[in-house]
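Engineer:
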Amino acid sequence: MVLIDIRGMLQSMGKEISSFPLPEIDESHDSTRGDPREIIEESSIVVERDDMNLPDQLNDEQRSAFNKIMNAVGSAQGSVFFVDGPGGTGKTFLYRALLATVRGNGDIEVATATSGVAASIMPAGRTAHSRFKIPLNIEEGSYCSFTKQSGTAKLLQMASLIIWDEASMTKRQAVEALDMSMRDIMGCPRSPFGGKTIVFGGDFRQVLPVIRKGTRSQITEATLRRSYLWDCMVQLKLVRNMRAQSDAWFADYLLRVGNGTEEVNKEGNIGLPSDICLECKGNETDLERLIDTVFPNLNDNLTDPNYIICRAILSTRNEFVDRINMKMIERFRGDVMTYHSFD
């Protein structure tokens with residue numbers, strides 16, 4: 001069994017155990033048939049029963065996108081999609097429906113996202129940089145750091161569908177590196193991503209790629225929309241905000257701001273509606289009033305998880321966050337307990 005584990009680790013690095021002076025493996029003890037660890041992990045994912053019902057709960061926009069993507073998966077001819085939707089339009093809900101359907105059919109699907117938070121809310125999700133072995137210092141013409149013989153390459157070759165969420169946040173060179181690597185391992189140099197069906201998603205109205213001390217033009221140039229791949233991506237738009245159905249005005253307002261259609265003043269600034277603003281008097285009571293507004297009757301609702309998760313105060317600097325947190329803790333009943341951890 002030890003030799004089998006060693007073989008799996010070597011395969012993930014693109015090497016074979018036969019290249020090393022080690023005893024031969026008794027294949028009768030190997031229930032994986034020598035498959036790379038990456039394929040074993042993906043093949044062993046159990047689809048939750050609730051997720052299997054997600055396709056029946058899609059709205060019209062999500063259903064249209066779902067059908068187009070699944071038709072591409074079924075035809076095995078390969079297509080590249082970009083799901084464009086503001087926050088709250090159900091992109092993750094769509095991804096989960098796709099994941100459940102593909103995996104429920106016994107096929108392999110690779111779920112990734114640019115950030116760890118986005119990856120964590122997809123079943124068996126991983127960050128794109130981790131899954132695709134994308135170099136940290138990405139440049140024009142870079143390739144991913146996996147070989148044709150590696151477990152990652154074999155996983156991508158077997159995958160029926162690949163999802164990359166929040167692609168709008170990543171540099172186009174990272175996506176292009178995956179494209180060139182996929183063309184190489186699939187042996188299809190003229191087909192985007194080697195002829196695989198791949199779904200990108202994101203919202204260019206939100207966070208764009210981070211360019212150190214970059215100008216506006218440099219940041220724009222780094223986005224996926226400036227890639228040679230953009231024109232071959234089928235655009236799937238989600239507009240209906242499922243998260244803000246009870247506040248349609250605010251959802252429309254955010255969309256206008258993101259699209260650049262909201263009215264601005266002579267300085268080019270957007271005026272916030274007074275009913276979503278809190279007057280700042282320039283003294284210590286400002287923070288107290290902010291906390292009271294966002295967390296009314298805090299001590300009466302401390303044990304209510306729905307109350308807590310539906311509220312948040314965002315800030316621009318860690319020092320401000322620490323100050324707000326201290327003010328919040330001072331309001332809690334009971335004695336303060338400090339617990340020290342160690343690695």
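Residue numbers for the sequence shown follow the UniProt record's numbering, so the first one is 1 and each next one is one higher. Every residue, glycine too, gets a C-beta built ideally from N, C-alpha and C.
Taking residue 103 as the reference, which of 319, 39 and 279 has the closest Cα?
Structural biologist: Comparing Cα-Cα distances from residue 103 to each of 319, 39 and 279, the minimum goes to 39.
Engineer: Can you tell me the Cα-Cα spacing of residue 194 and residue 184, whole angstroms?
Structural biologist: Residue 194 and residue 184: Cα-Cα distance of roughly 7 Å.
Engineer: Tell me which same chain residues have a C-beta within less than 7 Å of the C-beta of residue 97, skipping the five on either side of it?
Structural biologist: Within the same chain, residue 97 has close Cβ partners 54, 55, 58 and 66.
Engineer: The beta strand (DSSP E) spanning residue 198 covers which residue range?
Structural biologist: Segment 198-202, the beta strand (DSSP E) holding residue 198.
Engineer: Cβ atoms of residue 200 and residue 249: under 8 Å apart, would you say?
Structural biologist: The answer is no: Cβ separation not under 8 Å.
Engineer: Following the continuous alpha helix (DSSP H) through residue 249, name the residue where it begins and the one where it ends.
Structural biologist: Where residue 249 is concerned, the enclosing alpha helix (DSSP H) stretches over 248-259.
Engineer: Just the C-alpha distance for residue 84 and residue 259, rounded to the nearest angstrom, thanks.
Structural biologist: Rounded to whole angstroms, residue 84 to residue 259 spans 12 Å at the Cα level.
Engineer: Return helix, strand or coil for residue 109, following the three-state DSSP convention.
Structural biologist: Reduced to three states, the DSSP call for residue 109 is strand.
Engineer: Is it buried or exposed for residue 21, if we count other Cβ within 10 angstroms and need 16 for buried?
Structural biologist: It is exposed - the Cβ of residue 21 has fewer than 16 other Cβ atoms within 10 Å.
Engineer: With a CB to CB cut of under 6 Å and the five nearest residues on each side skipped, what residues in its chain are close to residue 159?
Structural biologist: Hits under 6 Å: 108 and 110.
Engineer: Please go through the same chain and pick out, in chain order, the residues whose beta-carbon is closer than 6 Å to the beta-carbon of residue 153, but skip the five residues on each side of it.
Structural biologist: Within the same chain, residue 153 has close Cβ partners 146 and 185.
Engineer: Using the three-state DSSP reduction, which class does residue 83 fall into: helix, strand or coil?
Structural biologist: Three-state result, residue 83: strand.
Engineer: May I have the straight-line CA-CA distance separating residue 255 from residue 270, to the nearest angstrom?
Structural biologist: Rounded to the nearest angstrom, the two C-alpha atoms are 13 Å apart.
Engineer: Just checking my contact of residue 112 with residue 126 at CB under 8 Å: how many whole Å lie between their CB atoms?
Structural biologist: With a Cβ gap of about 5 Å, residue 112 and residue 126 count as contacting.
Engineer: Could you tell me which of 281, 325 and 268 sits nearest to residue 295, measuring between CA atoms?
Structural biologist: For the residues 281, 325 and 268, the minimum Cα distance to residue 295 belongs to 325.
Engineer: Residue 61 to residue 202, Cα distance in whole Å?
Structural biologist: Approximately 16 Å between the Cα atoms of the pair.
Engineer: Using the C-alpha atoms, what's the distance from residue 320 back to residue 123?
Structural biologist: So the alpha carbons of these two residues sit roughly 34 Å apart.
Engineer: Fully enclosed by the region 132-207, which beta strand (DSSP E) runs are 3 residues long or longer?
Structural biologist: For the region 132-207, whole beta strand (DSSP E) runs of length 3 or above, ordered along the chain, are 161-165 and 198-202.
Engineer: Could you say which of 73, 182, 44 and 92 lies nearest to residue 51 if we only look at CA atoms?
Structural biologist: The shortest Cα separation from residue 51 among 73, 182, 44 and 92 belongs to 92.
Engineer: Use the C-beta contact count for residue 69: other C-beta atoms within 10 angstroms, 16 or more gives buried, fewer gives exposed.
Structural biologist: Counting Cβ neighbours within 10 Å, residue 69 comes out buried, since at least 16 surround it.
Engineer: Measuring only the C-alpha atoms, how far is residue 365 from residue 286?
Structural biologist: Past the boundaries of the shown model lies residue 365; the chain is included only from 1 to 343, so the question cannot be answered.
Engineer: Three-state secondary structure (DSSP) at residue 91?
Structural biologist: Here residue 91 sits in helix by DSSP.
Engineer: Within the continuous beta strand (DSSP E) that includes residue 235, where are the two ends?
Structural biologist: Counting along the chain, the beta strand (DSSP E) containing residue 235 begins and ends at 234-237.
Engineer: Can you tell me which of the three DSSP states residue 127 falls into?
Structural biologist: It is a strand residue.
Engineer: Which word fits residue 28, buried or exposed, when buried means at least 16 other C-beta atoms lie within 10 angstroms of its C-beta?
Structural biologist: Legend: pLDDT at residue 28 = 49, less than 50; position of this residue unreliable, value from coordinates given subsequently. Per the 10 Å Cβ criterion, exposed.
Engineer: I'd like the span of the alpha helix (DSSP H) that includes residue 339, first residue to last.
Structural biologist: Looking at the DSSP string, residue 339 is not in any alpha helix (DSSP H), and its letter there is neither H nor E.
Engineer: Near residue 226, what residues of its chain come up, given a Cβ to Cβ distance below 8 Å and the 5 sequence neighbours on each side ignored?
Structural biologist: Excluding sequence neighbours, residue 226 sits near 172 and 220.
Engineer: With a cut-off of 8 Å on the beta carbons, I'd call residue 169 and residue 209 a contact; round off their distance for me.
Structural biologist: Rounded, the Cβ-Cβ distance is 6 Å, consistent with contact.
Engineer: Just tell me which of 101, 174, 78 and 79 has its CA closest to the CA of residue 49.
Structural biologist: Closest option to residue 49, Cα to Cα, is 101.
Engineer: Measure the alpha-carbon distance for residue 117 versus residue 24 and round it to whole angstroms.
Structural biologist: For residue 117 and residue 24, the distance between alpha carbons rounds to 42 Å.
Engineer: Here's the rule: buried if 16 or more other CB atoms are within 10 angstroms of the residue's CB, otherwise exposed. What is residue 95?
Structural biologist: Result: buried.
Engineer: Is the beta carbon of residue 197 closer than 8 Å to that of residue 72?
Structural biologist: A contact, by the Cβ cut-off of 8 Å.
Engineer: When the distance is taken between beta carbons, is residue 242 closer than 8 Å to residue 89?
Structural biologist: Contact: yes.
Engineer: Alpha carbon to alpha carbon, how far is residue 266 from residue 292? Give it in angstroms, no decimals.
Structural biologist: Distance between the alpha carbons of residue 292 and residue 266 is about 34 Å.
Engineer: Given that a residue counts as buried once 16 or more other Cβ atoms are within 10 Å of its Cβ, and exposed if not, what is residue 268?
Structural biologist: The residue in question, residue 268, is exposed, as its Cβ has fewer than 16 Cβ neighbours within 10 Å.
Engineer: Tell me, to the nearest whole angstrom, how far the beta carbon of residue 190 is from that of residue 86; I am working on the premise that it is less than 8 Å.
Structural biologist: Rounded, the Cβ-Cβ distance is 35 Å, inconsistent with contact.
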